[in-house]
Ligand SMILES: Cc1cc2nc3c(=O)[nH]c(=O)nc-3n(C[C@H](O)[C@H](O)[C@H](O)COP(=O)(O)O)c2cc1C
C-alpha cells in the first residue's frame, strides 16, 4: 500500500477542481521579459509542469507595485496591461 494513499486523488478548492495533491511552490524563473510581461517561454515552462502531472501550480513572485519589483526577472501585475499575458498561465493542464 502507498505511503501517500491520497496523493493521486482529486479534490476541490472552492470552485477549482484539482486532479491530485501534487503542488508546485512558487519559484522565480526569470522567464518574463524585462518589463515583467509573460513570455511564450514562461508559458511553455508552466505547460511542461502541468503536462508532467503537477496538480496545482503556484505562480512565481509577481510585483503588485513597481517598487516591489526587486529585479528585472520578476513578473508584474501592478497594471491592467499585464492581465492578458497572465491569463495565458491558466488552463494549461491537459
Ligand atoms: C529557485 C527558487 C526560486 C524561488 N522563488 C520563489 C518565488 O518566486 N516566490 C516565493 O514565494 N517563493 C519562492 N521560492 C521559495 C519556494 O517556493 C519554497 O517556499 C522554498 O523552496 C521552501 O520549500 P519547502 O518548504 O517545500 O522546502 C523559491 C525557491 C527556490 C529554490
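Numbering (the working numbering), first residue to last: 8 to 101.
The beta-carbon is built from N, C-alpha and C at its ideal position, and this holds for glycine as well.
Note that the coordinates shown come from a computational prediction; the quantities given were computed from them, not determined experimentally.
Report the partner residues of residue i according to the DSSP bridge assignment.
i, result
"residue 70", "83"
"residue 64", "31"
Count the other C-beta atoms from every protein chain shown that fall within 10 angstroms of the C-beta of residue i, then say buried if there are 16 or more, exposed otherwise.
i, result
"residue 67", "buried"
"residue 59", "exposed"
"residue 61", "buried"
"residue 104", "Past the boundaries of the shown model lies residue 104; the chain is included only from 8 to 101, so the question cannot be answered."
"residue 82", "buried"
"residue 49", "buried"
Comparing the C-beta of residue i with each C-beta of chain C, is any distance below 7 Å?
i, result
"residue 66", "The chain labelled as chain C is not found in the depicted structure, where only one protein chain is given."
Express the C-alpha separation of residue j and residue i in angstroms, rounding to a whole number.
i, j, result
"residue 1", "residue 77", "Beyond the ends of the chain as shown, which are 8 and 101, falls residue 1; an answer cannot be given."
"residue 84", "residue 73", "9 Å"
"residue 46", "residue 98", "16 Å"
"residue 21", "residue 80", "31 Å"
"residue 35", "residue 75", "14 Å"
"residue 52", "residue 64", "11 Å"
Examine the Cβ distances between the segment 37 to 47 and the segment 89 to 98 and report whether three or more of them are shorter than 8 Å. Using a C-beta cut-off of 8 Å, the segment 37 to 47 makes contact with the segment 89 to 98, since at least three inter-stretch Cβ pairs fall below that distance.
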